[in-house]
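Chains as they are written, first to last, in my numbering: chain A, -10 to 365; chain B, -10 to 365. Just so it is clear, CB atoms sit at the ideal spot from N, CA and C, and this is done for glycine as well.
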């Protein structure tokens, strides 16, 4: 039996690739953006509405789900897919990033992380083995190895120690993961902003062998230029035939730049989190719907957008919903922003397949720079 | 040209009636329950989802909309139907109830009410004429005359004075209302818990002549028995051929009892407000989804319910959403509760048409009293 997830590169354009990632719950066209469903729900959206945005895969957070409702409970209820009514692929993070963010509530040691729940203060251990077990109980199609996200900025020595710890955890994660057809485990490259450490990390992960490789520890304050430098230095050493996932990225510009450098997968809370504050992403840049200039505007946010907000509601109405703090504003703008992100990914895939990525990116930048459609 | 809204009683069973109320934006089968869309949105629900619950008409609040986004603005944007993407009939209240609830911020006088906005403290006047103008700007299918909701408890003399003021305002409301085909104006019966005052109020309204008659000033603390007594005493004097609307009612039991006494229309925030706190209405009574007994229950809230929550999500998932304070909990439970209310109304209409209302009510009471489906 063939185990793991399948991946096929179907087209290339410069360093960029388009492909197909096949999991137990379906095939994901890449480059792909994964909406974040932190606590078993992409915030403010029904699963049907998430699917309607064009999303083929979502991300769920192991940390949140292991604490509430608990991984064992999710398993007893038939797994995360059934629990949240999402039939497509699910990628789960390892929980490491969020546990390590619990400053003052956690202790890092060789075996893993001991932490206190932000919900009820109870003490828990997250080890590489436990992270894999929990993700197995959730039933995710793609699990992530436990790692330490190297802080930024950090000295070289500390970055090396952190990376080496992550590599030892990666080996332990792999050892505990039970291979099954359609289910995969990704390793995470660390090493901060040091290219040689990134190379060492890649070599260590390739020695262990994973279904895909994530670039971790970026988008933590290093800036876009540094991020791209490290992405390039990392991607150059990753195998062509395995998917590459840039974790926690990002803004539309960041994604476009990373795709052109050979990244296949992304996740970010930005479209949904921004959507809940009235910030829209559009072809012509970010638009703040709380701004008074929208108050009497009968036009949709973007006439060319097929999302449910743009199909049926005016900017004036969206503005009103945010001024009145109505839940429907969160619902509609989350749907719009995710639709925009998926449209962008679809455009990138088509451009790569057609060998026209350079032109696509030039047009993308020009349109973004032009700013919001003026009031007529 | 025939002006006003049409109404036809199609079946009767005891004092109860089934009928059809025809407006510019469609026909409403009665008895009907109107979900409340306070600020131009039925809270947490897209208009499409409201329609999917079976609702044929919604209520919107004049007070909220006149302050934000403003009635003139809604009119400039094509009216409330287009603004909130609801193609069906809309009934608007007069704003009086909410303005008069602004204790300390309002002054009642013969001409109307002077009040300060709860949003920005600006001073406004709501007169019978202005209430009608605002409702015209919103474009509602059914407007309500401005009235004072007589407080409870209240002395007889004060109740008379209040009712008589409302009757003078009713005449002024009617005088300002511009008759048009498909658009109607309802008068509101007041008089507190005093049957003779209610009779006098009905006589005054019939003298003026309205498209329909509302029973106001109830469900304000008088209790169900008192409410039914006044409903009976009022309905007995209302014309058979005009719709009757019991304002702000209520719980499923209240609605069933009022339908059996000849009421045709209802509105209440209860299904949506309760839905946002985790309280579900079901055939078997109220169910609090925050209760720990639901935490591991894989069954839907109600297997026989066709709502989107019951179709795809477990009690355990709904419980989780409310514990985690996720917006999707509000979305799903609002949809469920409105679906339950609409199912109840549909059942009442069928029972009246079939002459089986007594049996329907007996079965309703028995099922409600049985309590929630036990865990197996």
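Rounded straight-line distance, which links the Cα of residue 6(A) to that of residue 72(B)
43 angstroms
Going along chain B, which residues have a C-beta under 7 angstroms from residue 372(A)?
The structure shown does not extend to residue 372(A), since chain A is modelled only from -10 to 365, so the question has no answer here.
From the beta carbon of residue 16(B), is the nearest beta carbon of chain A less than 7 angstroms away?
no
Taking Cβ positions only, does residue 57(A) come closer than 7 angstroms to chain B?
yes
Completely contained beta strand (DSSP E) runs for the region 213 to 276 of chain B, where each covers 3 or more residues
233 to 235, 254 to 256 and 268 to 271
Applying the criterion that 16 or more other CB atoms from any shown protein chain within 10 Å of the CB defines a buried residue, is residue 190(B) buried or exposed?
buried
Taking three-plus beta-carbon pairs below 8 angstroms as touching, is the region 256 to 263 of chain B in contact with the region 281 to 290 of chain B?
no
With a Cβ-Cβ cutoff of 7 angstroms, do residue 144(B) and residue -9(B) count as a contact?
no
Identify whether residue 113(A) lies in helix, strand or coil by the three-state DSSP scheme.
strand
Work out the CA separation of residue 229(B) and residue 192(B) for me, nearest whole Å.
14 angstroms
Can you tell which of 90(A), 80(A) and 32(A) has the C-alpha that lies nearest to the C-alpha of residue 15(A)?
80(A)
Roughly how many angstroms lie between the CA atoms of residue 236(A) and residue 35(A), to the nearest whole one?
24 angstroms
Name the residue from 112(B), 107(B), 114(B) and 198(B) whose alpha carbon lies nearest to the alpha carbon of residue -7(B).
198(B)
Sort 38(A), 25(A) and 97(A) by Cα distance to residue 325(A) and report the nearest one.
38(A)
Using DSSP's beta-bridge definition, name the partner residues of residue 95(B).
104(B)
7 angstroms Cβ cutoff, residue 355(B) in contact with chain A
no
Using a Cβ-Cβ cutoff of 7 angstroms, what residues of the region 309 to 333 of chain B are near chain A? List them in chain order.
309, 310, 312, 313, 315, 316, 317, 319 and 320
Between residue 135(B) and chain A, is the shortest Cβ-Cβ distance under 7 angstroms, so that the two count as touching?
no
Could you check which residue in 126(A), 188(A) and 208(A) has the C-alpha nearest to that of residue 149(A)?
188(A)
Looking only at C-alpha atoms, which of 54(B), 335(B), 361(B) and 300(B) sits nearest to residue 269(B)?
361(B)
Which residues in the same chain have their Cβ closer than 7 angstroms to the Cβ of residue 183(B), if we skip the five residues on either side of it in sequence?
145 and 148
Could you name the residues of chain B that residue 29(A) contacts, counting a contact when the two beta carbons are closer than 7 angstroms?
309
Roughly how many angstroms lie between the CA atoms of residue 383(A) and residue 296(A), to the nearest whole one?
The structure shown does not extend to residue 383(A), since chain A spans only -10 to 365, so no value can be given for it.
Within the 7 angstroms Cβ cut-off, does residue 33(A) reach chain B?
yes
Proximal residues of chain A, C-beta to C-beta of residue 267(B) below 9 angstroms:
Here the premise fails: no neighbours, minimum Cβ distance about 15 angstroms.
To which residues of the same chain is residue 203(B) closer than 6 angstroms at the C-beta, ignoring the five residues directly before and after it?
175, 177, 234 and 236
Suppose only complete runs of 4+ residues qualify. What are the alpha helix (DSSP H) ranges in the region -5 to 79 of chain B, listed by chain order?
36 to 41, 51 to 56, 60 to 65 and 69 to 73
Boundaries of the beta strand (DSSP E) in which residue 174(B) is found, first to last residue:
173 to 178
Whose Cβ in chain B lies nearer than 8 angstroms to the Cβ of residue 67(A)?
287
Can you tell me where the beta strand (DSSP E) holding residue 131(B) begins and where it ends?
131 to 133
Using a Cβ-Cβ cut-off of 7 angstroms, state whether residue 340(B) counts as contacting chain A.
no
Sufficient close CB pairs (3 or more, under 8 angstroms) joining the region 338 to 355 of chain B to the region -4 to 4 of chain B:
yes
For residue 139(B), which residues from the same chain have a beta carbon less than 6 angstroms from its beta carbon, with the 5 sequence-adjacent residues on both sides left out?
148, 151, 179, 181 and 206
Where residue 170(B) falls: helix, strand or coil (DSSP):
strand
For chain A, find out if any of its Cβ atoms is closer than 7 angstroms to the Cβ of residue 305(B); answer yes or no.
yes
Do you know offhand how far residue 321(B)'s Cα is from residue 185(B)'s?
45 angstroms
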